[in-house]
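Position in the sequence shown counted from 1, then plus 10, gives you the working numbering.
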Amino acid sequence: MKNKVLLTSAVTGAGDTMKKNPHVPVTPKEIAESAIESAKAGATVAHVHARDPKTGGISHNLEHYREIVDRIRESETDVIINITSGGGGDFIPSLNTPAAGGDGTDIQTPAERHEPVGELLPEMCTLDCGSTNFGNMIYMSPTDWLRDQAKLIQESGVKPELECFDTGHIRFANQLVEEGLIDGDPMYQFCLGIPWGAAADAETMLYMKNRIPDNAHWSAFGIGRMQMPMASQAAMLGGNVRVGLEDNIYLSKGVVTRNEQLVDKAVTMLRGLDLEPMTPQEARDYYNLRNPRGGKES
(Lines of atoms letter the chains of each structure in order from A and count residues from 1; the text may use other names and numbers.)
(Lines give C-alpha, C1' and ligand atoms only; values in the text may rest on other atoms or scores of the structure.)
Protein backbone atom coordinates (compact mmCIF):
# COMPACT_ATOMS: atom_id res chain seq x y z
CA MET A 1 0.00 0.00 0.00
CA LYS A 2 1.51 3.27 -1.10
CA ASN A 3 2.57 5.53 1.78
CA LYS A 4 1.40 2.95 4.35
CA VAL A 5 3.60 1.09 6.86
CA LEU A 6 2.84 -1.82 9.16
CA LEU A 7 3.84 -0.55 12.62
CA THR A 8 4.46 -3.15 15.33
CA SER A 9 4.65 -2.53 19.07
CA ALA A 10 6.67 -5.27 20.80
CA VAL A 11 5.12 -4.64 24.18
CA THR A 12 7.27 -6.84 26.42
CA GLY A 13 9.95 -9.46 26.01
CA ALA A 14 11.50 -11.95 28.38
CA GLY A 15 14.45 -9.89 29.57
CA ASP A 16 15.08 -8.55 33.06
CA THR A 17 14.02 -5.05 31.98
CA MET A 18 11.29 -4.27 34.54
CA LYS A 19 13.96 -3.51 37.17
CA LYS A 20 15.20 -0.68 34.94
CA ASN A 21 11.80 0.55 33.76
CA PRO A 22 8.69 0.20 35.95
CA HIS A 23 6.45 0.66 32.88
CA VAL A 24 7.42 -2.72 31.40
CA PRO A 25 4.18 -4.77 31.51
CA VAL A 26 4.36 -8.08 33.37
CA THR A 27 0.92 -9.47 34.21
CA PRO A 28 -1.47 -10.59 31.45
CA LYS A 29 -3.70 -7.61 32.28
CA GLU A 30 -0.79 -5.16 32.03
CA ILE A 31 0.45 -6.70 28.76
CA ALA A 32 -3.01 -6.57 27.19
CA GLU A 33 -3.59 -2.99 28.33
CA SER A 34 -0.22 -1.92 26.93
CA ALA A 35 -1.06 -3.56 23.59
CA ILE A 36 -4.39 -1.70 23.53
CA GLU A 37 -2.77 1.63 24.40
CA SER A 38 -0.17 1.03 21.67
CA ALA A 39 -2.97 0.48 19.17
CA LYS A 40 -4.69 3.68 20.25
CA ALA A 41 -1.39 5.50 19.62
CA GLY A 42 -1.22 4.10 16.09
CA ALA A 43 0.27 0.60 16.21
CA THR A 44 -1.01 -1.87 13.64
CA VAL A 45 0.32 -4.96 15.43
CA ALA A 46 0.96 -5.93 19.05
CA HIS A 47 3.77 -8.48 19.41
CA VAL A 48 3.17 -10.50 22.56
CA HIS A 49 5.28 -12.49 24.99
CA ALA A 50 3.84 -13.75 28.27
CA ARG A 51 5.61 -13.25 31.58
CA ASP A 52 5.22 -14.97 34.91
CA PRO A 53 3.13 -12.51 36.97
CA LYS A 54 5.03 -13.41 40.16
CA THR A 55 8.63 -13.38 38.93
CA GLY A 56 8.44 -11.27 35.78
CA GLY A 57 10.41 -13.95 33.93
CA ILE A 58 9.41 -15.75 30.77
CA SER A 59 6.20 -17.76 30.91
CA HIS A 60 5.14 -20.62 28.65
CA ASN A 61 1.82 -20.94 30.45
CA LEU A 62 -0.96 -21.19 27.87
CA GLU A 63 -3.45 -19.60 30.26
CA HIS A 64 -1.29 -16.48 30.56
CA TYR A 65 -1.35 -16.17 26.77
CA ARG A 66 -5.06 -16.88 26.68
CA GLU A 67 -5.82 -14.07 29.13
CA ILE A 68 -3.70 -11.60 27.15
CA VAL A 69 -5.35 -12.51 23.85
CA ASP A 70 -8.88 -12.57 25.29
CA ARG A 71 -8.46 -9.15 26.89
CA ILE A 72 -7.20 -7.63 23.64
CA ARG A 73 -9.92 -9.22 21.53
CA GLU A 74 -12.66 -8.23 23.96
CA SER A 75 -11.58 -4.58 24.00
CA GLU A 76 -13.09 -1.94 21.74
CA THR A 77 -9.70 -1.24 20.19
CA ASP A 78 -8.65 -3.23 17.11
CA VAL A 79 -5.08 -4.47 16.79
CA ILE A 80 -3.44 -7.43 15.06
CA ILE A 81 -2.03 -9.95 17.54
CA ASN A 82 1.40 -11.45 16.88
CA ILE A 83 2.39 -14.15 19.40
CA THR A 84 5.98 -15.26 19.83
CA SER A 85 6.78 -18.87 19.02
CA GLY A 86 10.40 -18.42 20.03
CA GLY A 87 10.12 -19.24 23.74
CA GLY A 88 12.00 -22.17 25.18
CA GLY A 89 15.20 -21.75 23.21
CA ASP A 90 17.61 -20.58 25.90
CA PHE A 91 20.73 -22.70 26.41
CA ILE A 92 23.11 -21.50 29.14
CA PRO A 93 26.60 -23.03 28.79
CA SER A 94 28.01 -24.79 31.84
CA LEU A 95 31.42 -26.39 32.25
CA ASN A 96 29.96 -28.73 34.88
CA THR A 97 27.03 -29.95 32.77
CA PRO A 98 27.93 -29.08 29.16
CA ALA A 99 25.42 -31.49 27.58
CA ALA A 100 22.48 -30.47 29.77
CA GLY A 101 23.25 -26.79 30.15
CA GLY A 102 23.48 -24.74 33.31
CA ASP A 103 21.06 -22.79 35.47
CA GLY A 104 18.56 -20.86 33.37
CA THR A 105 18.55 -23.29 30.44
CA ASP A 106 15.00 -23.40 29.08
CA ILE A 107 14.42 -25.60 26.02
CA GLN A 108 11.02 -26.47 24.55
CA THR A 109 10.18 -28.82 21.68
CA PRO A 110 8.73 -27.40 18.44
CA ALA A 111 5.24 -28.56 19.47
CA GLU A 112 5.56 -26.86 22.86
CA ARG A 113 6.77 -23.62 21.27
CA HIS A 114 3.81 -23.70 18.90
CA GLU A 115 1.13 -24.40 21.51
CA PRO A 116 -0.07 -20.81 22.21
CA VAL A 117 -0.17 -20.09 18.48
CA GLY A 118 -2.05 -23.27 17.58
CA GLU A 119 -4.51 -22.92 20.44
CA LEU A 120 -5.26 -19.17 20.24
CA LEU A 121 -4.88 -18.64 16.47
CA PRO A 122 -3.62 -15.05 16.31
CA GLU A 123 -3.30 -13.35 12.94
CA MET A 124 0.52 -13.59 13.10
CA CYS A 125 3.36 -15.24 14.99
CA THR A 126 7.13 -15.04 14.92
CA LEU A 127 9.43 -17.84 13.76
CA ASP A 128 13.08 -17.39 14.76
CA CYS A 129 15.03 -18.72 11.79
CA GLY A 130 18.19 -20.03 13.40
CA SER A 131 20.41 -20.36 16.44
CA THR A 132 22.61 -17.51 17.59
CA ASN A 133 24.93 -16.33 20.34
CA PHE A 134 22.76 -14.04 22.45
CA GLY A 135 25.24 -12.40 24.80
CA ASN A 136 26.67 -15.38 26.72
CA MET A 137 23.55 -17.46 26.06
CA ILE A 138 22.89 -19.59 23.00
CA TYR A 139 19.43 -19.23 21.49
CA MET A 140 18.81 -22.68 20.04
CA SER A 141 16.58 -23.32 17.02
CA PRO A 142 17.89 -26.30 15.00
CA THR A 143 16.87 -26.42 11.36
CA ASP A 144 14.78 -29.61 11.55
CA TRP A 145 12.93 -28.17 14.56
CA LEU A 146 12.25 -25.01 12.56
CA ARG A 147 10.86 -27.05 9.69
CA ASP A 148 8.54 -28.79 12.17
CA GLN A 149 7.44 -25.43 13.59
CA ALA A 150 6.89 -23.99 10.13
CA LYS A 151 4.64 -26.95 9.25
CA LEU A 152 2.61 -26.49 12.43
CA ILE A 153 2.21 -22.76 11.74
CA GLN A 154 1.26 -23.45 8.13
CA GLU A 155 -1.41 -25.96 9.21
CA SER A 156 -2.86 -23.42 11.67
CA GLY A 157 -3.33 -20.74 9.02
CA VAL A 158 -1.39 -18.17 11.06
CA LYS A 159 1.03 -15.92 9.14
CA PRO A 160 4.66 -16.39 10.27
CA GLU A 161 7.02 -13.46 10.53
CA LEU A 162 10.46 -14.89 9.73
CA GLU A 163 12.81 -13.48 12.38
CA CYS A 164 16.38 -13.16 11.15
CA PHE A 165 19.05 -12.26 13.69
CA ASP A 166 21.95 -12.83 11.31
CA THR A 167 22.62 -13.23 7.60
CA GLY A 168 22.61 -17.02 7.75
CA HIS A 169 19.06 -16.86 9.07
CA ILE A 170 18.05 -15.12 5.85
CA ARG A 171 19.45 -18.06 3.90
CA PHE A 172 17.48 -20.58 5.95
CA ALA A 173 14.28 -18.51 5.84
CA ASN A 174 14.64 -18.47 2.05
CA GLN A 175 15.02 -22.25 2.17
CA LEU A 176 11.75 -22.58 4.09
CA VAL A 177 10.08 -20.54 1.36
CA GLU A 178 11.63 -22.68 -1.38
CA GLU A 179 10.46 -25.87 0.36
CA GLY A 180 6.86 -24.61 0.33
CA LEU A 181 6.61 -24.29 4.12
CA ILE A 182 5.57 -20.62 3.96
CA ASP A 183 2.26 -19.78 2.30
CA GLY A 184 1.67 -16.61 0.29
CA ASP A 185 4.12 -13.72 0.14
CA PRO A 186 6.64 -14.26 2.97
CA MET A 187 7.15 -11.71 5.74
CA TYR A 188 10.67 -11.23 7.10
CA GLN A 189 11.90 -9.32 10.13
CA PHE A 190 15.53 -8.19 10.48
CA CYS A 191 16.52 -8.18 14.17
CA LEU A 192 19.52 -5.87 14.44
CA GLY A 193 22.03 -5.00 17.12
CA ILE A 194 21.70 -8.00 19.44
CA PRO A 195 25.07 -9.26 20.68
CA TRP A 196 26.29 -11.17 18.69
CA GLY A 197 24.04 -11.10 15.67
CA ALA A 198 23.67 -8.76 12.72
CA ALA A 199 24.79 -5.18 13.33
CA ALA A 200 22.28 -2.33 13.62
CA ASP A 201 23.38 -0.21 10.67
CA ALA A 202 22.11 0.75 7.25
CA GLU A 203 24.66 -1.38 5.39
CA THR A 204 23.54 -4.58 7.17
CA MET A 205 19.85 -3.77 6.71
CA LEU A 206 20.34 -3.18 2.99
CA TYR A 207 22.37 -6.39 2.65
CA MET A 208 19.55 -8.41 4.25
CA LYS A 209 16.85 -6.63 2.24
CA ASN A 210 18.65 -7.47 -1.00
CA ARG A 211 18.71 -11.20 -0.20
CA ILE A 212 15.03 -11.94 0.32
CA PRO A 213 12.62 -13.02 -2.45
CA ASP A 214 11.18 -10.38 -4.77
CA ASN A 215 7.65 -11.01 -3.48
CA ALA A 216 8.65 -10.75 0.20
CA HIS A 217 7.60 -8.08 2.66
CA TRP A 218 10.01 -7.05 5.39
CA SER A 219 10.38 -5.16 8.63
CA ALA A 220 13.36 -4.28 10.80
CA PHE A 221 14.15 -3.16 14.31
CA GLY A 222 17.20 -2.12 16.29
CA ILE A 223 17.66 -2.49 20.02
CA GLY A 224 18.46 0.15 22.62
CA ARG A 225 19.46 3.55 21.30
CA MET A 226 19.35 2.20 17.74
CA GLN A 227 15.60 1.60 17.85
CA MET A 228 14.52 4.87 16.23
CA PRO A 229 17.44 5.16 13.78
CA MET A 230 16.70 1.64 12.47
CA ALA A 231 12.96 2.34 12.37
CA SER A 232 13.61 5.44 10.27
CA GLN A 233 16.05 3.59 8.02
CA ALA A 234 13.57 0.74 7.44
CA ALA A 235 10.81 3.16 6.53
CA MET A 236 13.03 5.00 4.07
CA LEU A 237 14.03 1.73 2.40
CA GLY A 238 10.41 0.67 1.95
CA GLY A 239 10.13 -1.68 4.90
CA ASN A 240 7.86 -1.95 7.91
CA VAL A 241 8.72 -0.73 11.40
CA ARG A 242 8.87 -2.13 14.94
CA VAL A 243 9.32 -0.32 18.24
CA GLY A 244 8.47 -1.22 21.84
CA LEU A 245 9.75 -2.05 25.29
CA GLU A 246 10.92 -5.52 24.27
CA ASP A 247 13.75 -3.87 22.36
CA ASN A 248 14.29 -0.51 24.08
CA ILE A 249 13.13 0.92 27.41
CA TYR A 250 14.07 4.60 26.92
CA LEU A 251 12.32 7.48 25.13
CA SER A 252 15.57 9.46 25.17
CA LYS A 253 18.83 9.13 27.06
CA GLY A 254 18.02 8.21 30.66
CA VAL A 255 14.25 8.78 30.25
CA VAL A 256 12.22 5.61 30.72
CA THR A 257 9.12 5.28 28.58
CA ARG A 258 5.89 3.43 27.87
CA ASN A 259 5.03 1.48 24.74
CA GLU A 260 2.46 4.00 23.57
CA GLN A 261 5.04 6.80 23.81
CA LEU A 262 7.43 4.86 21.57
CA VAL A 263 4.59 4.22 19.10
CA ASP A 264 3.68 7.91 19.13
CA LYS A 265 7.32 8.82 18.44
CA ALA A 266 7.41 6.34 15.55
CA VAL A 267 4.16 7.72 14.10
CA THR A 268 5.62 11.24 14.20
CA MET A 269 8.75 9.98 12.45
CA LEU A 270 6.68 8.23 9.76
CA ARG A 271 4.59 11.33 9.12
CA GLY A 272 7.77 13.30 8.63
CA LEU A 273 8.50 10.89 5.76
CA ASP A 274 4.94 11.29 4.37
CA LEU A 275 4.02 7.82 5.63
CA GLU A 276 1.16 6.57 7.81
CA PRO A 277 0.67 3.38 9.84
CA MET A 278 -1.71 0.86 8.33
CA THR A 279 -4.90 0.24 10.24
CA PRO A 280 -5.24 -3.36 11.48
CA GLN A 281 -7.97 -4.06 8.94
CA GLU A 282 -5.92 -2.61 6.09
CA ALA A 283 -3.07 -4.92 7.07
CA ARG A 284 -5.33 -7.98 7.32
CA ASP A 285 -6.62 -7.31 3.83
CA TYR A 286 -3.23 -6.49 2.31
CA TYR A 287 -1.31 -9.41 3.83
CA ASN A 288 -4.22 -11.88 3.65
CA LEU A 289 -4.16 -12.51 7.40
CA ARG A 290 -6.48 -14.67 9.43
CA ASN A 291 -9.69 -13.00 10.58
CA PRO A 292 -9.63 -13.04 14.42
CA ARG A 293 -13.18 -14.36 14.33
CA GLY A 294 -12.04 -17.35 12.28
CA GLY A 295 -10.92 -17.93 8.71
CA LYS A 296 -9.00 -15.51 6.51
CA GLU A 297 -9.85 -12.20 4.94
CA SER A 298 -10.99 -12.45 1.35
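We put the beta carbon where it would ideally sit given N, CA and C, even for glycine.
Quiz item: Of all the beta strand (DSSP E) runs that stay within the bounds of the region 132 to 205, which reach a length of 3 or more residues?
Solution: 134 to 138, 142 to 144, 147 to 149, 169 to 174 and 197 to 202
Quiz item: Just how far apart, CA to CA, sit SER69 and ALA60?
Solution: 5 Å
Self-check item: Alpha carbon of GLU189 to alpha carbon of PRO132, nearest angstrom
Solution: 24 Å
Quiz item: Taking all protein chains shown into account, do 16 or more other C-beta atoms lie within 10 angstroms of the C-beta of VAL265, making it buried, or fewer, making it exposed?
Solution: exposed
Exercise. Check whether the Cβ atoms of MET147 and LEU202 sit closer than 8 Å, and answer yes or no.
Key: no
Quiz item: How big is the Cα-Cα spacing for VAL89 and ALA51?
Solution: 11 Å
Self-check item: Straight-line gap, TYR297 to ASP116 (C-alpha atoms, nearest Å)
Solution: 33 Å
Practice problem: Would you kindly check if the distance between the Cβ of GLY96 and the Cβ of ARG76 is under 8 Å? | Solution: no
Quiz item: Contact check, THR18 vs ARG294 under 8 Å by CB: the rounded distance?
Solution: That belief does not hold up - the Cβ atoms of THR18 and ARG294 are roughly 14 Å apart, past 8 Å.
Quiz item: Excluding five sequence neighbours on each side, which residues of the same chain lie with their C-beta closer than 7 Å to the C-beta of GLY178?
Solution: GLY140
Self-check item: Neighbour-count burial assignment, ASN269, 16 or more Cβ in a 10 Å radius
Solution: buried
Quiz item: If you count every other CB in all the chains shown that lies within 10 Å of the CB of ASP176, and 16 or more means buried, which is it?
Solution: buried
Quiz item: Over what stretch of residues does the beta strand (DSSP E) that includes ASN92 continue unbroken?
Solution: 90 to 93
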